[in-house]
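Colleague: Chains as they are written, first to last, in my numbering: chain A, 33 to 243; chain B, 66 to 676; chain C, 9 to 310.
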Amino acid sequence: MQGIILFVLLASTYLMVIAKRMPALIRSFRYQSLCLFGVTFIVALTQREPELYVISGLLFVLKVSLIPYLLYRIIRRIKVNEELGLFINPQISLLWALAFTYLSWIFASYLFSSNNAILTGTLAIAFFVVSAGMFLMVFRMTALSQIIGLLVMENGLFLLASTVSGGMPFFVEIAIFFDVLVSVLIMGFFVYKINKLFTHIDVNKLSRLKG
Amino acid sequence: MLNLQPKHLFLLDPLSLFFLVVIFIVSLPSLIYSFSYLKGEYSAAKIMLAQVLLLAFVLSMALVVSVSNCLVFIIFWEIMSLVSYFLVVFDTKHAKSIQAGLVYIVMTHIGTAFIIAAFMILRNYAHSFDFFTIKNACQVLPLQTKNIVFLLFLIGFGTKAGIVPLHIWLPYAHPQAPSHISSIMSGVMIKTAIYGIIRFVMFILGVNSSWWGVLVLILAVISCLVGVIYALMEHDIKRLLAYHSVENIGIILLGVGLAMFFTSLNLPYLAVFSLIAGLYHLINHAIFKGLLFLCAGSVYKATGTRDIEKLGGLIKKMPQTAVYFLLGAMAISALPPLNGFVSEWLTLQAFFLGAFNLIGGSRLFLGICAAMLALTSGLAAACFVKAFGVTFLAQARSHYAQNAKEAALSMRIGMLILAVLIVIFGLAAGLIIKLLAKVSGSALGIDISRMSFSLNNFTLTPQIAKNIYLSTPSLALWLILFGIAGFAIYRIFGRGKSVIYKTWDCGYYRLDSRNEYTATAFSKPFRIAFSFFLMPYRKTQKIRESFYHVKSFTYETHTTKVFKKYIYDPALAIVFKAAKSMRRIQPGSIHLYLGYIFITLLLLIIFMGQF
Amino acid sequence: MMAILQIIFFIVSAPLLSGLITKIKNNLRMRKGQSVFQPYYNLAKLFSKDEVIPEAASWIFRVTPFVVLSSTLAAAMLIPVFIFAAAGCHIGDFLALVFIFALGRFFLALSALDTASSFGGMGASREMFISSLVEPALCMVIFAVSLQFGSTDISAFSGRHAITISSVVAALALFLVTIAETSRIPVDNQETHLELTMVHEAMVLEYSGRPLALIEMASYIKQMIFFFLIAQIIFPIGLPAVNITQILPWVLWYLARLGVIAVIVALVEVTVAKMRLFRVADFLGFAFVLGVIASVCAILGV
Chain A
33 MQGIILFVLL ASTYLMVIAK RMPALIRSFR YQSLCLFGVT FIVALTQREP ELYVISGLLF
93 VLKVSLIPYL LYRIIRRIKV NEELGLFINP QISLLWALAF TYLSWIFASY LFSSNNAILT
153 GTLAIAFFVV SAGMFLMVFR MTALSQIIGL LVMENGLFLL ASTVSGGMPF FVEIAIFFDV
213 LVSVLIMGFF VYKINKLFTH IDVNKLSRLK G
Chain B
66 MLNLQPKHLF LLDPLSLFFL VVIFIVSLPS LIYSFSYLKG EYSAAKIMLA QVLLLAFVLS
126 MALVVSVSNC LVFIIFWEIM SLVSYFLVVF DTKHAKSIQA GLVYIVMTHI GTAFIIAAFM
186 ILRNYAHSFD FFTIKNACQV LPLQTKNIVF LLFLIGFGTK AGIVPLHIWL PYAHPQAPSH
246 ISSIMSGVMI KTAIYGIIRF VMFILGVNSS WWGVLVLILA VISCLVGVIY ALMEHDIKRL
306 LAYHSVENIG IILLGVGLAM FFTSLNLPYL AVFSLIAGLY HLINHAIFKG LLFLCAGSVY
366 KATGTRDIEK LGGLIKKMPQ TAVYFLLGAM AISALPPLNG FVSEWLTLQA FFLGAFNLIG
426 GSRLFLGICA AMLALTSGLA AACFVKAFGV TFLAQARSHY AQNAKEAALS MRIGMLILAV
486 LIVIFGLAAG LIIKLLAKVS GSALGIDISR MSFSLNNFTL TPQIAKNIYL STPSLALWLI
546 LFGIAGFAIY RIFGRGKSVI YKTWDCGYYR LDSRNEYTAT AFSKPFRIAF SFFLMPYRKT
606 QKIRESFYHV KSFTYETHTT KVFKKYIYDP ALAIVFKAAK SMRRIQPGSI HLYLGYIFIT
666 LLLLIIFMGQ F
Chain C
9 MMAILQIIFF IVSAPLLSGL ITKIKNNLRM RKGQSVFQPY YNLAKLFSKD EVIPEAASWI
69 FRVTPFVVLS STLAAAMLIP VFIFAAAGCH IGDFLALVFI FALGRFFLAL SALDTASSFG
129 GMGASREMFI SSLVEPALCM VIFAVSLQFG STDISAFSGR HAITISSVVA ALALFLVTIA
189 ETSRIPVDNQ ETHLELTMVH EAMVLEYSGR PLALIEMASY IKQMIFFFLI AQIIFPIGLP
249 AVNITQILPW VLWYLARLGV IAVIVALVEV TVAKMRLFRV ADFLGFAFVL GVIASVCAIL
309 GV
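(1) Count the CB pairs spanning the region 192-205 of chain A and the region 150-157 of chain A that are closer than 8 Å, and state whether there are at least three.
(2) Residue 293 of chain B: buried (16+ other C-beta within 10 angstroms of its C-beta) or exposed?
(3) Report the option in B/80, B/94 and B/103 whose CA atom is closest to the CA atom of residue 366 of chain B.
(4) Counting only the same chain and skipping the five closest in sequence on each side, list residues whose C-beta sits under 8 Å from that of residue 503 of chain B.
(5) For the putative contact between residue 152 of chain B and residue 141 of chain B, defined by C-beta atoms under 8 Å, what is the C-beta separation to the nearest angstrom?
(6) Would you identify the three-state DSSP class for residue 216 of chain C, choosing helix, strand or coil?
(7) Using a 10 Å radius around the Cβ and a threshold of 16 neighbouring Cβ atoms, would you call residue 300 of chain B buried or exposed?
(8) Output yes if chain B places a C-beta closer than 8 Å to the C-beta of residue 147 of chain C; else output no.
(9) For residue 125 of chain A, which residues in chain B fall below 8 Å Cβ to Cβ?
(10) For the alpha helix (DSSP H) holding residue 107 of chain A, just list the boundary residues, first then last.
(11) Which one or two residues does DSSP pair with residue 651 of chain B in a beta bridge?
(12) Anything in chain B within Cβ reach of residue 108 of chain C, meaning under 7 Å, just list it in chain order.
(13) Terminal residues of the continuous alpha helix (DSSP H) containing residue 1 of chain C?
(14) Just verifying my parser: in three-state terms, what is the DSSP assignment at residue 520 of chain B?
(15) At a threshold of 7 Å, does residue 124 of chain B count as lining the ligand COA (C-beta to nearest heavy atom)?
(16) Measuring CA to CA, which of B/123, B/156, B/95 and B/322 is closest to residue 111 of chain B?
(17) State yes or no: is the beta carbon of residue 204 of chain C nearer than 8 Å to at least one beta carbon in chain B?
(18) Start and end of the beta strand (DSSP E) containing residue 606 of chain B?
(19) Considering only the alpha carbon of each residue, which of B/561, B/270, B/176 and B/252 lies closest to residue 205 of chain B?
(20) Less than 8 Å between the beta carbons of residue 601 of chain B and residue 623 of chain B, yes or no?
(21) With a cut-off of 8 Å, does the C-beta of residue 196 of chain A fall near any C-beta of chain B?
(22) Beta-carbon within less than 6 Å of residue 232 of chain C's beta-carbon, same chain only, minus the 5 sequence neighbours each way: which residues are those?
(23) Could you give the residue range of the alpha helix (DSSP H) that holds residue 310 of chain C?
(24) Taking all protein chains shown into account, decide if residue 464 of chain B is buried (16 or more other Cβ within 10 angstroms of its Cβ) or exposed.
(25) Out of curiosity, what's the CA-to-CA distance linking residue 453 of chain B and residue 373 of chain B?
(26) Since residue 580 of chain B meets chain C, which of its residues come closer than 8 Å, beta carbon to beta carbon?
(27) Please give me, in chain order, every unbroken run of the beta strand (DSSP E) with length at least 3 that falls completely inside the region 125-207 of chain B.
(28) Return no unless some Cβ of chain B is closer than 8 Å to the Cβ of residue 58 of chain A.
(29) Measure from the C-beta of residue 564 of chain B to each C-beta in chain C and report whether the shortest distance is under 8 Å.
(30) Tell me the start and end of each unbroken alpha helix (DSSP H) in the region 116-159 of chain C that is at least 4 residues and wholly inside, in chain order.
(31) Hey, quick one: how far does the beta strand (DSSP E) through residue 36 of chain B stretch, first residue to last?
(32) From which residue to which residue does the alpha helix (DSSP H) around residue 566 of chain B run?
(33) Using a Cβ cut-off of 7 Å, pull out every chain A residue sitting near residue 663 of chain B, in sequence order please.
(34) Of all the CB atoms in chain B, is at least one closer than 8 Å to the CB of residue 239 of chain A?
(35) Please report the distance separating the alpha-carbon of residue 208 of chain C from that of residue 472 of chain B.
(36) Rounded to whole angstroms, what is the Cα-Cα separation between residue 523 of chain B and residue 535 of chain B?
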């Protein structure tokens, strides 16, 4: 069961990487968070700790419902071209994603040489998700993709932490969730402001910060 | 690691006490002076700020010379540099102050970087920052390391002291600071660098190689000559004094360098003697340079200009300031019986005694260095004849000087204290040398109980020489007696009265101040004689109305700033070029910056295992 | 007692030396010339004249003649004329002598600037230029001479018996320095008042009457001191303090040495033309080089 969910997570990450428009990106992010929720819920069921229930609940509320809703709202408000500017076209992005997957697999097996394939696989997927977040931040032009990249990285780290050590301390998790929420709110506001000032959110055109 | 108890933190041996005396001797009159100087120039809040900064400055300098831990030393050294930077740019109305402050802070931090490097190397061997621990560790330091540390210290402290070619900040910073701050900076702050050299190179490192002393001597001679030649060309009274500081630091370093040279050759009496000469000149210079800057400040406050070509005749309008300036000028030109004469005589005598007691070619080297010192003292006298004569004597050359008034009371009191000290330090030479012998002995680690430096309290007799005497009180006495005798002859003999009439004017009527000699004209023979170094050039501009009628002709003569043109400008150009080429990694794209972050993270993760 | 007498003798005979040089020059120019005692008559004349003080002058102008005279007399105290120990041997040594002369020169230059005339400024500028270049040459001479005795005291080289190459070369260097310091041709001309050619005379141009007499006296004494030093370096002689009866041959010997130097100076003055001011730098550089050669000879022990 866990394997299937992980597979779907992987697929949603690939979808994010090849997405060309903003709604597609947000949708795939939603799927990814849903899968993450699934994984966490299964772990909570098997370990029967109340904290994990709370965390998975929070995950569902925030990452599956609230944050995508906020992101959709931002897109509607700013009314810009919904194209995500791509530095690298979707096909090559997919190739890059495959390369990253392979590298994370090697890295995970180097770090954690155990016989449990699921565990190594989960680790690899976690690393890959983090690097997919980095990829989104670097190779997509709009500000929104950078927000989402950050969120995806956080997803990946959460997955990593919960696999390796059974989760981080409870309060740290809560704090991280709220941090993420607040940062999305703030960044949404900034995107709105950027759009108001520059009538676009193409970060590539904002290049005054140079030497 | 850091023992903060006062017993371990402070070091009050004779050398530190001596420098504390120097600091307070100059700071106190400057403080008294500043009360009237700042009044009327700035708002009350700014004056309060100035006084607070001044107190912080003096306190930081006092702490620099009295701590015994390298880390604390650097902390207070940095505080001293920063506070003096704020004082240099205090007069923010002038753009020149800001530029001066920039040059000053950059140069002083380059020097501090070298000092920190030296401290780090020493700590590597001694595993502690405490002076005495390092001193013990230095006895087993390998020679190569010792040489490197010596060079680092020399460059680091040399930047602060103003050794050529690191002197370039002095002519920028000293003129722009308020005058009482200039007097403290020139009189005391650059001496803390000499303290650093004596403490770290002679006391802690221990001098074993004779080339150290020779290097310091050569640098000192070059500083003397360069400083005084540039001073001769200056017409801004405070820049002139700043260049003279470079020259006098050279003279102090002649004494210190000789002490290093003699220590490495195991001649303890001569080493102590040379260090006495160097330290005597140090305190003398602090006093008379402090006085000269205070007088320059009074002149600036009274007339509004620092350009001596626009002044003149001030001796009648500011008689007391003129007397103090004259005393300072006489002291810096080494005229008997004042203190500058005693310290230069001692330095020359140190050279000569060294030559008598050595063998071989180094004697000629010492002789030539002594001749160069004599040359600089002659040139310094010429420069101060120019400075005093053009500023104070004859008639006023412009409206600036015509409306001058005497300085306020607290300014005069400050100057009076230093003037009295000049005379005291000149006459009480024998006594002061005994005190300085203790200081030198402790700095060099030599037992001086069996050495004698004077016959009685009034006469100086080096023990190692035959029949050399100097007695400033009796010299002063004879000078006064002969002067009185001359005056008596003048009054008693001959008939005839005194008539006051116009100066000889070759038959022209109405000579005015335009017939007086200008400072540029006064220094022209020197400009020509030293033209191989000064490289003067002229710029002329003719504006013609027609072929036959020239409407105006502008003539400017400049001297090339050799160090700036050939050393610093190319170095700065290289630095800026390198920085410009590094700009290419910052094109402004956020994605690229993010990419940098991630690649660095990746590389760290990959290579983390190796550490 | 002896010491004071020797100083008085020194002072009294100073103008005579100058008169002697002028007489010899005039004779070389095929003229009868003024009498040898003319400087004394000049001084007496000056004492009876009025004094004119420029309007622009301050107290420095009035004080300078006394400072110059007192510094020169104090320098004379350091010279051992007949006896080994000079009157003021505990006051200073050869190096102090140089600085004491600097005192007089400093005030003279200041007073020249004080008069607010172009001549004064010009004279002061040229004089300070020449004197600052004299200093290294003089220092090397002192170095060379004192290397042989281990002391910079002037009476230390009074009792030598041998004439060495180093002392001859040092004396030659000192001779060049003396020409510069005592304002003789080829550095300066004492007989002219033309703006192009005067240095020392330009500084004292505004002085008249009794102060001028004092300044002239001081320059005679300075000349005497320098000539004596040259003579002492080449033909050293000295006399332990004895009674007055044995003085006479030594007085004659002393006068003879000075006479020889006076003749040489007069010959130089008559035969050589005055140099341009900026050539004086080369001239004094040559004196410096001679001083270095003398030091090298002294180090080698020659």
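All residues carry an ideal CB built from backbone N, CA and C; glycine is no exception.
Modeller: Reading off the structure:
(1) Contact holds: three or more Cβ-Cβ distances are below 8 Å.
(2) Taking all protein chains in view, the Cβ of residue 293 of chain B is crowded by 16 or more other Cβ atoms within 10 Å, so the residue is classified as buried.
(3) Here the closest residue by C-alpha is B/103.
(4) Excluding the 5 residues flanking it on each side, residue 503 of chain B has same chain C-beta neighbours closer than 8 Å at 79 and 513, in chain order.
(5) Between residue 141 of chain B and residue 152 of chain B the Cβ distance is about 16 Å, and since that is not below 8 Å, they are no contact.
(6) Three-state DSSP puts residue 216 of chain C in coil, outside helix and strand.
(7) Its Cβ being crowded by 16 or more others within 10 Å, residue 300 of chain B is buried.
(8) True, the Cβ-Cβ gap to chain B drops below 8 Å.
(9) Going along chain B, no residue has its Cβ under 8 Å from residue 125 of chain A, so there is no contact; the nearest lies around 14 Å.
(10) Here the alpha helix (DSSP H) through residue 107 of chain A covers 99-110.
(11) Answer by DSSP bridge pairing: none, since residue 651 of chain B is not bridged.
(12) 401, listed in chain order.
(13) Given that chain C is displayed from residue 9 to residue 310, the structure contains no residue 1 of chain C and the question cannot be resolved.
(14) Summary for residue 520 of chain B: the model assigns pLDDT 46, below 50, so the residue's position carries little reliability; its value from the coordinates is reported in the next sentence. If DSSP states are grouped into helix, strand and coil, residue 520 of chain B belongs with the strands.
(15) Summarising the ligand content, the structure contains no ligands, and the ligand COA is consequently not present.
(16) Selected option, being the one with the closest Cα: B/156.
(17) No, because no Cβ of chain B sits closer than 8 Å to the Cβ of residue 204 of chain C.
(18) That run of the beta strand (DSSP E) goes 601-609.
(19) Closest in C-alpha terms to residue 205 of chain B, from the list B/561, B/270, B/176 and B/252, comes B/270.
(20) Note that the C-beta distance between residue 601 of chain B and residue 623 of chain B is below 8 Å.
(21) Judged by the 8 Å Cβ criterion, residue 196 of chain A is not in contact with chain B.
(22) If we look at residue 232 of chain C and ignore the five residues flanking it on each side, its Cβ neighbours are 22 and 25.
(23) Careful: residue 310 of chain C lies outside any alpha helix (DSSP H) and carries neither H nor E.
(24) When all chains shown are included, residue 464 of chain B counts as exposed.
(25) About 9 Å.
(26) Those within 8 Å of residue 580 of chain B in chain C are 124, 125 and 126.
(27) If we require 3 residues or more, the region 125-207 of chain B turns out to have no beta strand (DSSP E) run fully inside it.
(28) Chain B, which has no Cβ nearer than 8 Å to the Cβ of residue 58 of chain A, makes this no.
(29) Answer yes: the Cβ-Cβ gap between residue 564 of chain B and chain C drops below 8 Å somewhere.
(30) Qualifying alpha helix (DSSP H) stretches, in chain order: 126-155.
(31) The shown model of chain B, from 66 to 676, leaves out residue 36 of chain B, and the question about it has no answer.
(32) Boundaries around residue 566 of chain B are those of the beta strand (DSSP E), 563-566, since no alpha helix (DSSP H) includes it.
(33) Taking the beta carbon of residue 663 of chain B as reference, the chain A residues within 7 Å of it are 166 and 170, listed in sequence order.
(34) Closer than 8 Å to some Cβ of chain B, the Cβ of residue 239 of chain A qualifies, so yes.
(35) The alpha-carbon atoms of residue 208 of chain C and residue 472 of chain B are separated by roughly 35 Å.
(36) For residue 523 of chain B, the predicted model reports a pLDDT of 49, less than 50, meaning its position is unreliable; a value from the coordinates is still stated below. Looking at the two C-alpha atoms, the distance is approximately 8 Å.
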